[in-house]
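Novice:
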Amino acid sequence: MSSFLLMAASALIIAIGGTPLVRYAALHLGILDHPSARKIHRAPVPLMGGAAIYVAFIAALALWGERSYINEVVGIFVGATLVSLVGALDDSRGVGSYLKLLFQVVAACILVYSGVQVRLFDGFLDIVLTLFWVVGVTNAFNLLDNMDGLSSGVATISAAFFTLLAAMSDQYLVGTLAAALCGACIGFLVYNWNPARVFMGDTGSLFIGFLLAAVGIKLRFPANTASITWMIPILVLALPIFDTALVCISRLRRGKNPLTTAGKDHVSHRLALRTGSQREAVLLCYLITGGTGLASIFVTQANLQEALIVGLTALALAVFALWKLEFQKN
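Once you know that position 268 of the sequence shown is 268 in UniProt numbering, the rest is easy, because the numbers rise by one and skip nothing.
1) Quick check on I309: buried or exposed, where buried means 16 or more other Cβ atoms within 10 Å of its Cβ?
2) Measure the alpha-carbon distance for N192 versus S296 and round it to whole angstroms.
3) Just tell me which of V95, G123, N139 and I186 has its CA closest to the CA of I53.
4) Counting pairs of beta carbons, one from the segment 151-162 and one from the segment 280-291, are three or more of them closer than 8 Å?
5) Measuring straight from C-alpha to C-alpha, what distance separates A160 and M231?
6) Would you mind sorting L235 into buried or exposed? The rule is 16 or more other CB atoms within 10 Å of its CB.
7) For a quick check, are the C-beta atoms of S169 and R220 less than 9 Å apart?
8) Per the DSSP calculation, D33 is bridged to which residue(s)?
9) May I ask you to verify whether the segment 240-251 touches the segment 113-130, counting CB pairs closer than 8 Å and requiring at least 3?
10) Enumerate in chain order the residues of its own chain whose CB-to-CB distance from A51 is below 6 Å, with the five nearest sequence positions on each side excluded.
11) Pull up the distance between the alpha-carbon of T313 and that of F124, whole angstroms please.
12) My guess is that L32 and P44 are in contact by the Cβ rule of under 8 Å, so how many angstroms apart are they, rounded?
13) Going by DSSP in three states, K324 sits in which element: helix, strand or coil?
14) For T163, tell me which candidate among F188, P258, A59 and P233 has the shortest Cα-Cα distance.
15) For A15 versus G183, is the C-beta distance shorter than 9 Å?
16) Would you say A80 and L211 are within 9 Å of each other, going by their C-beta atoms?
17) Let me know if residue 333 comes out buried or exposed under the rule of 16 or more other beta-carbons within 10 Å of its beta-carbon.
18) Would a C-beta distance cut-off of 9 Å place residue 384 and L259 closer than the cut-off?
19) How long is the line joining the alpha carbons of G255 and I249, rounded to whole angstroms?
20) Given this structure, state the Cα-to-Cα distance separating V299 from R274, to the nearest angstrom.
21) What separation, rounded to the nearest whole angstrom, lies between the Cα atoms of A272 and S2?
22) Would you call P46 buried or exposed, if buried means 16 or more other Cβ atoms sit within 10 Å of its Cβ?
23) Which same chain residues, not among the five before or five after N224, have their C-beta less than 7 Å away from its C-beta?
24) According to DSSP, is residue 340 part of a helix, a strand, or is it coil?
25) Exposed or buried, what is K218 when buried is set at 16 or more other beta-carbons lying within 10 Å of its beta-carbon?
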């Protein structure tokens with residue numbers, strides 16, 4: 001566990017030092033997120049802050065990661081770098097939604113080719129599930145990046161739980177990835193907390209989503225069965241997954257394309273309307289992520305009956321929240 005803390009601390013320090021430099025570069029290059037009717041901020045905010053997260057993550061691994069470990073996860077590095085570069089291009093010049101989706105599928109295919117994939121059915125269905133999971137979670141964090149401190153904070157908590165889960169099952173490889181990402185996100189959050197001085201942009205959100213999806217796949221729990229442990233990464237990432245489902249259902253109901261439509265229809269926006277505060281909405285999202293993370297830890301030690309109770313309870317709460325936020329008018 002001490003090596004994970006060292007990894008996280010290194011990434012945190014690098015992100016704290018690097019984020020202002022990225023912000024300065026974005027300002028001078030004119031890479032800004034301008035206000036609009038569908039956005040909350042009222043003044044231009046520098047983008048590309050995700051580059052600081054990327055650099056901090058890679059630097060921490062280069063400093064403390066073992067060479068054999070680096071060789072094992074080259075597919076994750078290549079895929080994460082690809083989606084981050086596409087995100088940087090979108091931040092600076094603009095890239096169509098379908099082209100971004102295509103590159104995400106390519107990055108997911110790289111993961112599969114490198115041997116990082118879901119292993120539930122030992123067949124083609126595993127590959128399909130891997131592509132769906134990776135592309136889905138990658139986009140979930142991209143969609144979640146809609147309020148100051150939201151995506152970076154939820155990613156921090158999720159990565160922290162993945163680090164803890166990896167430590168519990170003695171998985172150094174997964175733990176170092178999650179710990180480095182956790183530290184990098186904390187360092188960036190210092191500048192991204194409301195009122196944000198810099199946004200991560202697609203450069204960061206796509207990178208974070210892809211990496212967390214890959215970490216979720218790599219987690220293994222030899223002491224328990226796959227019939228139970230498959231739900232653990234879903235619980236850790238429950239909030240971004242739910243937010244994506246809510247947005248897709250909401251937009252489809254209104255005859256809108258979920259991939260090309262943007263708006264204030266996310267969980268965070270709806271919570272902000274009810275609480276009257278963006279900060280309270282974000283903190284509630286942190287609390288929910290912490291709760292589902294704790295549930296995931298319980299599932300690692302649960303038998304099948306207990307795991308089913310947790311899973312069905314989480315599903316029932318999600319359905320109720322969906323009805324409350326989307327279908328109930330008052």
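Don't be surprised by glycine CBs; every beta carbon is placed ideally from N, CA and C.
If you're wondering where the values come from, they're calculated on a predicted model, not measured in any experiment.
Specialist: Answer, in terms of the structure:
1) By the 10 Å Cβ count, I309 comes out exposed.
2) Those two C-alpha atoms are separated by around 27 Å.
3) The shortest C-alpha to C-alpha distance from I53 to any of V95, G123, N139 and I186 is the one to I186.
4) The segment 280-291 and the segment 151-162 touch, with three or more beta-carbon pairs separated by less than 8 Å.
5) Cα to Cα, the separation comes out at about 17 Å.
6) With 16 or more other Cβ atoms within 10 Å, it is buried.
7) The criterion of a C-beta distance shorter than 9 Å is satisfied by S169 and R220.
8) Partner(s): V45.
9) No, they do not touch.
10) Only V22 and T203 meet the Cβ criterion.
11) Taking the straight line joining both Cα atoms gives about 30 Å.
12) The pair is a contact, with the Cβ atoms about 4 Å apart (cut-off 8 Å).
13) In this structure, K324 counts as helix in the three-state DSSP scheme.
14) The shortest C-alpha separation from T163 is found at P233.
15) G183 is positioned such that its CB atom lies closer than 9 Å to that of A15.
16) Yes, the pair counts as a contact, with Cβ atoms nearer than the cut-off.
17) Because the chain in this structure spans residues 1 to 330, residue 333 falls outside the shown range and cannot be described.
18) Summary: the structure shown does not reach residue 384, with the chain confined to residues 1 through 330, and so no result is reported for it.
19) A straight line joining the alpha-carbon of G255 with that of I249 spans about 10 Å.
20) Using only the alpha carbons, I get a separation of about 32 Å.
21) In this model, A272 and S2 are separated by some 38 Å (Cα to Cα).
22) With at least 16 other beta carbons inside 10 angstroms of its own, P46 counts as buried.
23) The beta carbon of N224 sits closer than 7 Å to the beta carbons of T300 from its chain, once the five residues preceding and following it are set aside; these are given in chain order.
24) With the chain running from 1 to 330 in the structure shown, residue 340 is simply not present.
25) Its Cβ being crowded by 16 or more others within 10 Å, K218 is buried.
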